[in-house]
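Asks: Have a look at the structure that comes next, please.
Protein chains: 2
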Amino acid sequence: MSDQKSNHDTRERILDVAERMFMTYGFDGASMRAITTAAEVNLAAVNYHFGSKEALLCAVFRRRLGWLNRERLHALDALEAQAGGAPLKPSQILEAFFGTLLRIGEDESLGGMTFLRLLGRTLTEPADFIRTFFANEYAEVIERYKLALFRALPDVPKAEIVWRLHFMLGAMSYAIAGTDVLQVVTGCELGDLAGERAAASGDDDAALARRLAQRLMPFLLGGLRAPLPLAAALPTSAQESPAEGDSSTEI
Amino acid sequence: MSDQKSNHDTRERILDVAERMFMTYGFDGASMRAITTAAEVNLAAVNYHFGSKEALLCAVFRRRLGWLNRERLHALDALEAQAGGAPLKPSQILEAFFGTLLRIGEDESLGGMTFLRLLGRTLTEPADFIRTFFANEYAEVIERYKLALFRALPDVPKAEIVWRLHFMLGAMSYAIAGTDVLQVVTGCELGDLAGERAAASGDDDAALARRLAQRLMPFLLGGLRAPLPLAAALPTSAQESPAEGDSSTEI
DNA sequence: CTACTATTCAAACGAACGTTTGAACGAAGC
DNA sequence: GCTTCGTTCAAACGTTCGTTTGAATAGTAG
């Protein structure tokens with residue numbers, strides 16, 4: 466019955482199934498019994514190999530985020546080396562950050578759209594262990610990219626850049642998680658998207674990922690370089706907020 | 466001990482507490498026992514007044530979304546009446562849609578930031594009853610605004626507008642839900658945001674909501690009007706995709 | 001063959017969950 | 001006063017959850 470399940474085969478099979486079920490049903494909604502049954506392993510296997518359900522979720526993410534964060538840092542290193550000390554272009558930075566992420570969706574061996582959707586969805590889960598896990602996992606990468614954006618946009622207040630980075634992450638997360646409500650909401654009574662998605666279901670998810678990237682990147686860039694809001698009614702932070710008069714057209 | 470709890474007082478108190486606890490712990494994470502204990506009502510009160518936990522969540526949203534959707538439709542009606550048949554400006558449409566939403570955050574009697582955060586968070590919950598509930602609740606409003614955007618941006622392919630509406634909803638949802646991971650992620654080692662939020666905690670949430678709106682609207686508008694992606698590698702949908710050459714600067 | 005380690009398995013554990021029940025309570029109508 | 005109806009209450013129901021346990025089963029080295 467059991468073909469050749471080496472020691473690591475069970476672990477990997479659990480991770481694959483857990484990735485898919487956490488994505489579909491959420492962390493609370495995917496029970497250990499459902500996961501282990503679908504993975505055709507014993508109920509106790511998860512606790513034996515990973516320790517707990519929470520540790521399993523972290524393991525699911527660690528398997529993918531290692532590659533992602535490494536690749537993101539390499540991409541930034543390469544860009545900065547190529548620029549030779551000069552500030553990067555915002556479009557380059559976004560391409561390195563979001564393009565690398567979206568490439569996961571095109572490659573099933575990196576997790577594919579399943580992992581992308583899981584990632585986008587899990588970022589909003591309120592459980593504490595998830596929050597601290599992602600904070601630790603993302604800290605270095607975010608810090609590097611934030612500094613790169615600061616250098617790329619010296620005339621934009623740093624707080625504004627952080628806000629917009631926040632907005633961009635949100636737009637991306639929803640976009641990739643969005644088989645949900647929003648797909649239903651925005652897709653109602655419009656055949657175009659449905660038709661596109663139906664046509665894409667024939668292809669791999671890879672095509673959908675490429676299309677998503679092509680659509681998302683210009684949006685993010687447009688948002689990042691949008692005119693600054695008027696400085697009125699922002700009396701608290703008396704930080705660097707001068708000279709946004711003409712930056713509105715040039716940022 | 467019990468002051469003067471009229472019949473409706475219990476219902477309202479349950480709704481208030483449920484709103485806050487669903488926001489903090491999520492739908493699964495907030496147990497009936499925790500909710501009823503915090504509301505100082507009997508455990509059976511929820512099932513008596515609302516029928517079930519799922520119905521309670523829907524009631525929490527219905528209490529707020531009624532006002533929101535009505536206001537959104539009125540705002541659009543007013544704009545279109547004022548324009549007298551001419552297409553609206555995209556900024557007007559976004560202001561009517563997102564500005565109305567963000568005004569909730571400024572008014573505690575409309576739910577305040579608590580409800581905004583709950584809304585942003587719940588939109589990603591994978592439970593089926595939540596998806597269908599929001600789909601029904603939002604259908605009319607989204608349809609109206611989508612058509613308004615189509616008329617406002619006649620040179621932009623409709624599918625592209627829907628994508629960008631999707632992105633905007635995502636950016637907004639994350640922005641308002643974002644006490645979470647993203648606040649931690651983007652806030653690490655940057656004193657500005659933390660300082661701003663600390664300073665804002667002195668004020669109401671209203672100040673935070675206003676600041677958020679001021680920051681979010683330009684970002685969304687910039688994303689909506691960003692240059693279109695190149696039509697290359699999009700062979701499937703042979704729809705209206707001409708004339709994006711100069712629309713990149715003017716949309 | 002034996003001993004040992006790593007893994008799998010069926011079974012059970014205690015806790016927490018959403019929901020139901022039937023009695024008790026209190027104000028209003030006749 | 002008595003009944004009626006909407007509401008509250010303590011208690012329990014049955015289910016499902018994540019986790020633990022101890023025996024059974026390979027696979028490997030001595």
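Same order as they appear, the protein sequences are chains A and B. Residue numbering for the first sequence follows our numbering, beginning at 466 and increasing consecutively. Residue numbering for the second sequence follows our numbering, beginning at 466 and increasing consecutively. Just so it is clear, CB atoms sit at the ideal spot from N, CA and C, and this is done for glycine as well. In this text the structure is predicted, and so the values were computed from the model without any measurement.
Over the uninterrupted alpha helix (DSSP H) stretch that includes residue 525 of chain B, give me the two end residues.
Replies: Along the second sequence, read from residue 1 onward, the residue named residue 525 of chain B stands at position 60. Taken as a continuous stretch (DSSP letters only), the alpha helix (DSSP H) holding residue 525 of chain B covers 518-548.
Asks: Are the C-beta atoms of residue 491 of chain A and some chain B residue less than 8 Å apart?
Replies: Taking the first residue of the first sequence as 1, we reach residue 491 of chain A at position 26. Output row for residue 491 of chain A: interface = yes.
Asks: Please report the straight-line C-alpha distance between residue 487 of chain A and residue 550 of chain B, rounded to a whole angstrom.
Replies: Position 22 of the first sequence, counting from 1, holds the residue named residue 487 of chain A. Position 85 of the second sequence, counting from 1, holds the residue named residue 550 of chain B. Near 48 Å, if we compare the C-alpha coordinates of residue 550 of chain B and residue 487 of chain A.
Asks: Please name the residue, chosen from B:538, B:545, B:620 and B:561, that lies closest to residue 604 of chain B on a Cα-to-Cα basis.
Replies: Here residue 604 of chain B is taken as the residue at index 139 of the second sequence, counted from 1. Of the candidates B:538, B:545, B:620 and B:561, the one whose C-alpha sits nearest the C-alpha of residue 604 of chain B is B:538.
Asks: Beta-carbon separation of residue 492 of chain A and residue 592 of chain A under 8 Å?
Replies: Translated into the one-based positions of the first sequence, residue 492 of chain A becomes position 27. Translated into the one-based positions of the first sequence, residue 592 of chain A becomes position 127. Yes, Cβ-Cβ distance for residue 492 of chain A and residue 592 of chain A is below 8 Å.
Asks: Would residue 642 of chain A pass as a contact of residue 589 of chain B if the rule is Cβ separation under 8 Å?
Replies: Taking the first residue of the first sequence as 1, we reach residue 642 of chain A at position 177. Taking the first residue of the second sequence as 1, we reach residue 589 of chain B at position 124. Yes, these two residues count as a Cβ contact at 8 Å.
Asks: What separation, rounded to the nearest whole angstrom, lies between the Cα atoms of residue 495 of chain B and residue 501 of chain B?
Replies: Here the question's residue 495 of chain B lines up with position 30 in the second sequence. Here the question's residue 501 of chain B lines up with position 36 in the second sequence. About 10 Å.
Asks: At 7 Å on the CB atoms, spell out the chain B contacts of residue 632 of chain A, in chain order.
Replies: Your numbering for residue 632 of chain A matches position 167 in the first sequence. What residue 632 of chain A touches in chain B: 636, 640, 681 and 684.
Asks: What are the residues of the region 559-591 of chain A that lie near chain B, defined by any Cβ-Cβ distance shorter than 8 Å?
Replies: Under the 8 Å Cβ criterion, the region 559-591 of chain A contributes 585, 586, 588, 589, 590 and 591.
Asks: For chain A, check one thing: does any of its Cβ atoms lie closer than 8 Å to the Cβ of residue 549 of chain B?
Replies: Counting from 1 along the second sequence, the entry for residue 549 of chain B is found at position 84. Closer than 8 Å: no.
Asks: Name, please, each residue of chain A whose Cβ falls closer than 9 Å to the Cβ of residue 692 of chain B.
Replies: Locating residue 692 of chain B in the second sequence gives position 227, counting from the first residue. By Cβ distance, chain A contributes 683, 686 and 687.
Asks: Do we get a CB-CB distance below 8 Å when we pair residue 629 of chain A with the residues of chain B?
Replies: Indexing the first sequence from 1 puts residue 629 of chain A at position 164. Answer yes: the Cβ-Cβ gap between residue 629 of chain A and chain B drops below 8 Å somewhere.
Asks: Could you give the distance in angstroms between the alpha-carbon of residue 519 of chain B and the alpha-carbon of residue 542 of chain A?
Replies: Start at 1 with the first residue of the second sequence, and residue 519 of chain B comes out as number 54. Start at 1 with the first residue of the first sequence, and residue 542 of chain A comes out as number 77. Roughly 49 Å separates the two Cα atoms.
Asks: Whole angstroms are fine: how far does the CA of residue 624 of chain A sit from the CA of residue 633 of chain A?
Replies: Along the first sequence, read from residue 1 onward, the residue named residue 633 of chain A stands at position 168. Along the first sequence, read from residue 1 onward, the residue named residue 624 of chain A stands at position 159. Taking the straight line joining both Cα atoms gives about 14 Å.
Asks: Quick check: is the beta carbon of residue 531 of chain A nearer than 8 Å to any beta carbon in chain B?
Replies: Taking the first sequence and counting its residues from 1, one reaches residue 531 of chain A at position 66. No, residue 531 of chain A lies away from the interface with chain B (no Cβ there is under 8 Å from its Cβ).
Asks: Are residue 525 of chain A and residue 480 of chain A touching if we call contact CB-CB under 8 Å?
Replies: Residue mapping note: residue 525 of chain A aligns to position 60 of the first sequence, counting from 1. Residue mapping note: residue 480 of chain A aligns to position 15 of the first sequence, counting from 1. Yes.
Asks: Does the CB of residue 494 of chain B have a neighbour CB from chain A at under 8 Å?
Replies: Counting from 1 along the second sequence, the entry for residue 494 of chain B is found at position 29. Yes, residue 494 of chain B lies at the interface with chain A (some Cβ there is under 8 Å from its Cβ).
Asks: Can you tell me whether residue 597 of chain B is helix, strand or coil according to DSSP?
Replies: Along the second sequence, read from residue 1 onward, the residue named residue 597 of chain B stands at position 132. Residue 597 of chain B: helix per DSSP, three-state reduction.
Asks: Counting contacts by CB-CB distance shorter than 8 Å, is residue 643 of chain A in contact with chain B?
Replies: For the purposes of this step, residue 643 of chain A is taken as residue 178 along the first sequence, with counting starting at 1. Yes, its Cβ sits closer than 8 Å to a Cβ of chain B.
Asks: In the structure shown, what three-state DSSP assignment does residue 556 of chain A receive?
Replies: By one-based count along the first sequence, residue 556 of chain A stands at place 91. Of the three classes helix, strand and coil, the one that applies to residue 556 of chain A here is helix, per DSSP.
Asks: What number of angstroms, rounded off, separates the C-alpha of residue 631 of chain A from the C-alpha of residue 598 of chain A?
Replies: Stepping through the first sequence from its first residue, residue 631 of chain A is reached at position 166. Stepping through the first sequence from its first residue, residue 598 of chain A is reached at position 133. Using only the alpha carbons, I get a separation of about 18 Å.
Asks: Applying the 10 Å Cβ sphere with the 16-neighbour rule, what's the burial state of residue 566 of chain A?
Replies: Position 101 of the first sequence, counting from 1, holds the residue named residue 566 of chain A. Classification of residue 566 of chain A: buried, given that the 10 Å Cβ count is 16 or more.
Asks: Is the region 526-533 of chain B touching the region 573-580 of chain B, taking contact as three or more C-beta pairs under 8 Å?
Replies: Because the criterion of three Cβ pairs below 8 Å is met, the region 526-533 of chain B and the region 573-580 of chain B touch.
Asks: Would you say residue 563 of chain A and residue 688 of chain B are within 8 Å of each other, going by their C-beta atoms?
Replies: Mapped onto the first sequence, residue 563 of chain A falls at position 98. Mapped onto the second sequence, residue 688 of chain B falls at position 223. Result no, Cβ atoms of residue 563 of chain A and residue 688 of chain B do not sit closer than 8 Å.
Asks: Classify residue 513 of chain B as buried or exposed, calling it buried when 16 or more other Cβ atoms lie within 10 Å of its own Cβ.
Replies: As a working note, residue 513 of chain B is residue 48 in the second sequence. Burial call: exposed.
Asks: Pull up the CB-CB distance for residue 552 of chain A and residue 617 of chain A, whole angstroms please, since I reckon it's below 8 Å.
Replies: As a first step, residue 552 of chain A must be located in the first sequence, where it is residue number 87. As a first step, residue 617 of chain A must be located in the first sequence, where it is residue number 152. At roughly 5 Å, the Cβ-Cβ gap stays under 8 Å, so residue 552 of chain A and residue 617 of chain A are in contact.
Asks: Would you identify the three-state DSSP class for residue 496 of chain A, choosing helix, strand or coil?
Replies: The residue given as residue 496 of chain A occupies position 31 in the first sequence. Three-state DSSP puts residue 496 of chain A in coil, outside helix and strand.
Asks: Got a sec, what are the start and stop residues for the alpha helix (DSSP H) residue 512 of chain A sits in?
Replies: Indexing the first sequence from 1 puts residue 512 of chain A at position 47. Taken as a continuous stretch (DSSP letters only), the alpha helix (DSSP H) holding residue 512 of chain A covers 510-514.
Asks: For a test of the three-state rule: what should DSSP assign to residue 476 of chain A, helix, strand or coil?
Replies: Working through the first sequence from its first residue, we reach residue 476 of chain A at position 11. Here residue 476 of chain A sits in helix by DSSP.
Asks: Anyone know if the C-beta pair for residue 694 of chain B and residue 535 of chain A falls short of 8 Å?
Replies: Numbered from 1 along the second sequence, position 229 holds the residue referred to as residue 694 of chain B. Numbered from 1 along the first sequence, position 70 holds the residue referred to as residue 535 of chain A. No, these two residues do not count as a Cβ contact at 8 Å.
Asks: Taking residue 620 of chain A as the reference, give the member of A:560, A:691 and A:499 with the closest Cα.
Replies: Residue 620 of chain A sits at position 155 when you count from the first residue of the first sequence. The option with the nearest alpha carbon to residue 620 of chain A is A:691.
Asks: Who are the near neighbours of residue 476 of chain B in its chain, counting only those whose CB is closer than 7 Å to its CB and skipping five residues on each side?
Replies: Your numbering for residue 476 of chain B matches position 11 in the second sequence. Hits under 7 Å: 514.
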